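Novice: Chains as they are written, first to last, in this note's numbering: chain A, 12 to 517; chain B, 41 to 342.
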Amino acid sequence: MNNSLRILYNGSAVPWAEIPLVDSGQFLQSILDATGHGWRVVSYFGIPARAEIPLVCVLADKVESRLAVVRTVADDNRFPSIASLCPQVQLFEREIAEQCGLLFDDHPWFKPVRFHHPFLAGRDAWNRPAGEPLRVGVMDYFQVAGDEVHEVAVGPVHAGIIEPGHFRFQCHGEEVFHLEISLGYQHRGIEADLLGGPHPRTLQHMETAAGDTTIGHGQAHCMIMESLAGVKVPPRAEVLRGIALELERLANHTGDLGAIAGDVGYLPTASFCGRIRGDFLNMTAVLCGSRFGRGLLTPGGTIFDLTSAQRDDLLKRLADARRDLTDAVDLIWSTPSVMGRLEGTGELSQELALELGLVGPAARACGIKRDVRHDHPFGIFRMTHLPVATAFHGDVCSRTMIRWQEAQKSMDFIEEQLRQLPGGGHRTKASPCRGQHLAVALTEGWRGEICHVAITDDSGRFARYKVVDPSFHNWQGLAMALREQQISDFPLCNKSFNLSYCGFDL
Amino acid sequence: MTDIIIHCAVALLFPPLLLGIIGKTKAAFAGRVGAPYLQPYYDLIKLFRKGSVFSETTTWVFRAGPVVTLSATLIAVLLIPLGRHAAPLSFSGDMILFAYLFGLSRFFTTIAALDTGSSFEGMGAAREVTFSCLVEPTLFFTLITLARMSKSLTLSTILIYPTPAIWLAAGASMLLLVGALFITLLAENCRIPFDDPNTHLELTMIHEVMVLDHSGPAFGIILYGAALKLFILGAVFVNVALPLATGNPLVDWAIFVVAMMALAVAIGVVESVMARLRLVRIPQLLVGATILSAFALLLVLR
């Protein structure tokens, strides 16, 4: 690798001045070189500015658990796009264009991402008028013409209780040629609000960035704050965080297993998993009083400790839930009609998944061994190792199987950690952030890799805080998985990915 | 006369209970308490008390759809014998009318769906018509087989014809007919494994998606018509599969009602223990049913 990269590790901070400033050509070449050597782009963003826009790219190498930062300055309002050479950056480039008003030349798919005005008024990549509210989803969609080709538009209002998103299918009879997904309906302006932070409510905003990934995003934010302040987290708190993270994974994976069964019309698993998901949520409530883990984490540790009575209670509940979940999920594997429905539906090849930079269970279902807990260990996962479950076919069945395997591993992990809970305190005092630093934190939420990057100004306030939810990487995977599939299989494929709308929209 | 009154009363009042029983059975398999048996009646009452919303793009066809569908189904219910009792209306060749009354109701359901111009409803209509093309031969083969056996073209005769003695004499073809009829029953009534009546996923639906735009009383008529259709095909199935007769009319009526409830439980069990088929697999199963009924006819002609 060349010397334009500054190497760092997950959950650490480096002084801003130590990151070499390179020209745009070298910047893009470093990204292309790194991705060519198997590195991944985990975050790529601009810092809003009137004239010269600084661009920062964070890359990850799983072989040596390294992260690398490279930065440049776009001194014009145009910048070369590398999306056609490195497809995993295409959405990042569109996001930078929308947030900072930077125009990417030769981007193959240059459309708005979330349909909001740029952070600093005046520079809009699509010359949209500044004063008027933007209409989400209004753009030119890709179209297919010809005999018997028809277009089906679904959403943003859906029949089920899900978040809003717009899906445009180009179909030939029942077969899908192309699916385009347009989001942005849930945009709340989290990143714009974080400029100049941390504010008193920043942690709460992070916990609700994607409502079902409270611990995942909360822990990433706490890691950022801890590394910027140079605070060490006591071992007991690390274990409690790990348990909460895995409980979150269990609750969501259980819910997904049930929802996948429900989508193919298989009632027993659907009903039982709905109930068992509640059991896991209630176990999280034992930790902190909130079923969704709100208010458990704080920079420097956890707010709540676990008494030995609570620990015994959790162990008992876990054993019960494990028995019930095993029974409910085994029904899936032993029912041929369910397996016939899951196998071969929504297949995604490993090459495509690698090219798009998929993360989480969706990537592991394609045979890609990619898990932050393993590749860039953080918190308790530095001390204990969770096996990474992978499957090979990349179909709905693989994504279902991965969830069940991960759920089993998580239950083993929680049980082991509860039995050997370290003593000591659960919280150290937080201190203010250091100025002029860049911190990177990766966590493995239940959907996959969550990346938070913070850059502080002279006084230790956020000059930029970038959040990347796993859904940001994976939505394109869903769109590609639908190609040449039956349109009637879309709900099932969608459920097997189960991506977040608000995590994407921020 | 008593039989005609009982026939009308059972045919008009009983069908929604079948849906209630199916729902309760599915709930039991899922470990839930489930909605009350009478819930479908409450739903109908609720819908009939509501107002209707009609899209501005629709024409009279959209409003006529539910009415024509229900009328056709109501006439069909007068043509079939229930249990061991002859139908109120019958004439030679009424089996053709019976089959095409369903055709008429389907035509108006699909054309009302197309009238909305919605892409979902168009997809649903296309699916419905495709699959019904495959179901129709099965129904005809079944009726022709029975007509051949009973040497009659009147539904009242051919559906009362099966008796335990016939079952002993021509067990193989009767068994094939029962298999074909059960598949027809599930497919025509949009039950799992063909369609999921409870799904909210508009892209996967077949029948439900065609009636998405109907509301209030019009939707109530559609739901009631669907229950009636389940009742009619269920009655055909019960007549062929359970030819029990005691000679006492009232006892026979009781046997019929209990048999219909048992059928509802059986449908509930099927829906609980298996998943929906992929849409591309449905024609294969339907063609399989046609082959079963065709074999039954071959055995009879032999």
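The C-beta atom is built at its ideal place from N, Cα and C for all residues, glycine as well. Since the structure is predicted, the reported quantities are computational estimates derived from the model, not experimental observations.
Measuring CA to CA, which of A:G456, A:E495, A:G157 is closest to A:H264?
Specialist: Nearest of A:G456, A:E495, A:G157 to A:H264, Cα basis: A:G456.
Novice: Sorted by chain position, which residues of the same chain lie with C-beta nearer than 7 Å to A:R286's C-beta, five sequence neighbours on each side aside?
Specialist: None.
Novice: When we look at the beta-carbon of B:I136 and count the other beta-carbons within 10 Å, is it buried (16 or more) or exposed?
Specialist: By the 10 Å Cβ count, B:I136 comes out exposed.
Novice: Could you pull the start and end residues of the beta strand (DSSP E) that A:A141 belongs to?
Specialist: Where A:A141 is concerned, there is no enclosing beta strand (DSSP E), given that its DSSP letter is neither H nor E.
Novice: Would you kindly check if the distance between the Cβ of B:R103 and the Cβ of B:A285 is under 9 Å?
Specialist: Not a contact, by the Cβ cut-off of 9 Å.
Novice: Since I believe B:S213 is in contact with B:L339 (beta carbons under 8 Å), could you give me their beta-carbon distance rounded to a whole number of angstroms?
Specialist: Indeed, because the Cβ distance is near 4 Å, the residues count as touching under 8 Å.
Novice: What is the residue span of the alpha helix (DSSP H) that B:Q324 lies within?
Specialist: Looking at the DSSP string, the run of the alpha helix (DSSP H) that includes B:Q324 is 322-341.
Novice: Check whether the Cβ atoms of B:E311 and A:G276 lie closer than 9 Å to each other.
Specialist: Yes, the Cβ-Cβ distance between B:E311 and A:G276 is below 9 Å.
Novice: Give a yes or no on whether 9 Å exceeds the smallest Cβ distance from B:F160 to chain A.
Specialist: Chain A contact via Cβ: present.
Novice: In terms of residue numbering, what span does the alpha helix (DSSP H) encompassing A:H228 cover?
Specialist: Counting along the chain, the alpha helix (DSSP H) containing A:H228 begins and ends at 225-240.
Novice: Run through chain A and tell me which residues come within less than 8 Å of B:M214, C-beta to C-beta.
Specialist: Result: empty, since nearest Cβ-Cβ is about 27 Å, beyond 8 Å.
Novice: Checking contacts by CB at 9 Å: is A:P119 closer than that to chain B?
Specialist: Output row for A:P119: interface = no.
Novice: With a threshold of 9 Å between beta-carbons, can A:G171 be considered close to chain B, or not?
Specialist: Yes, A:G171 lies at the interface with chain B (some Cβ there is under 9 Å from its Cβ).
Novice: What residues from chain A crowd round B:S312, counting only those whose CB sits closer than 7 Å?
Specialist: The contacting residues are L278, P279.
Novice: Secondary structure at A:L16, three-state DSSP: helix, strand or coil?
Specialist: Three-state DSSP puts A:L16 in coil, outside helix and strand.
Novice: State yes or no: is the beta carbon of A:S409 nearer than 9 Å to at least one beta carbon in chain B?
Specialist: Cβ-Cβ to chain B under 9 Å: no for A:S409.
Novice: Just the chain B side, please: which residues come within less than 7 Å of A:S282 by C-beta, in chain order?
Specialist: Going along chain B in sequence order, the residues near A:S282 (Cβ under 7 Å) are A70, G71, R72.
Novice: When the Cα of A:R247 is compared with those of A:I30, A:T454, A:P433, which residue comes out closest?
Specialist: Of the candidates A:I30, A:T454, A:P433, the one whose C-alpha sits nearest the C-alpha of A:R247 is A:P433.
Novice: Once DSSP output is grouped into helix, strand and coil, what is the label at A:C518?
Specialist: Residue 518 of chain A falls outside the range modelled here, since chain A spans only 12 to 517, and no answer is possible.
Novice: Near B:V309, which residues of its chain fall below 8 Å by C-beta distance, leaving aside the five closest residues on each side in sequence?
Specialist: Closer than 8 Å at the Cβ level, and outside the excluded window around B:V309, lie T65, F69.
Novice: Hey, how far is the Cα of B:L57 from the Cα of A:G184?
Specialist: Computed Cα separation, rounded: 37 Å.
Novice: Which chain B residues sit within Cβ distance under 8 Å of A:F483?
Specialist: Neighbours of A:F483 on chain B: none; closest Cβ ~24 Å, over 8 Å.
Novice: I need the straight-line Cα distance from A:I30 to A:V451, nearest angstrom please.
Specialist: Roughly 13 Å between the two C-alpha positions.
Novice: At a Cβ cut of 9 Å, what residues of the stretch 485-502 of chain A count as close to chain B, listed as they run along the chain?
Specialist: Of all residues in the stretch 485-502 of chain A, Q497, I498, S499, D500, F501, P502 have a Cβ within less than 9 Å of some Cβ in chain B.
Novice: Could you name the residues that DSSP lists as bridge partners for A:I461?
Specialist: Answer by DSSP bridge pairing, in chain order: A:T454.
Novice: Let me see if you follow: with CB-CB separation under 9 Å, is A:S348 close to chain B or not?
Specialist: At least one chain B Cβ lies under 9 Å of A:S348.
Novice: Which residues in chain B sit within 9 Å of A:H161, going by Cβ to Cβ distance?
Specialist: Chain B residues near A:H161: S159, G162, M163.
Novice: Would the beta-carbon of A:S482 fall within 9 Å of that of A:Y512?
Specialist: Going by C-beta atoms, A:S482 is nearer than 9 Å to A:Y512.
Novice: A:L329 and A:E249: beta carbons closer than 9 Å?
Specialist: No, they are not a contact pair.
Novice: Decide if the stretch 291-301 of chain B is in contact with the stretch 82-89 of chain B; the criterion is three or more beta carbon pairs, one per stretch, under 8 Å apart.
Specialist: Taking 8 Å as the limit for Cβ pairs, the verdict is that the stretch 82-89 of chain B does not touch the stretch 291-301 of chain B.
Novice: Does the distance from the CB of A:L359 to the CB of A:G488 come in under 9 Å?
Specialist: For A:L359 and A:G488, yes; Cβs fall inside 9 Å.
Novice: Could you spell out the range, first to last residue, of the beta strand (DSSP E) harbouring A:Y476?
Specialist: Start and end: 473-479.
Novice: Buried or exposed: which applies to B:I223, given that a residue is buried once 16 or more other Cβ atoms fall within 10 Å of its Cβ?
Specialist: Buried: at least 16 other Cβ atoms inside 10 Å.
Novice: Any beta carbon of chain A sitting closer than 9 Å to that of B:A281?
Specialist: So no, B:A281 is outside the interface.
Novice: Provide the residue(s) that pair with A:V67 in DSSP beta bridges, ordered along the chain.
Specialist: Looking at the DSSP assignment, A:V67 forms a beta bridge with A:F56, A:R82.
Novice: Contact defined as beta carbons within less than 8 Å: I believe B:M300 pairs with B:V278. What is the distance between those atoms, to the nearest angstrom?
Specialist: Indeed, because the Cβ distance is near 6 Å, the residues count as touching under 8 Å.
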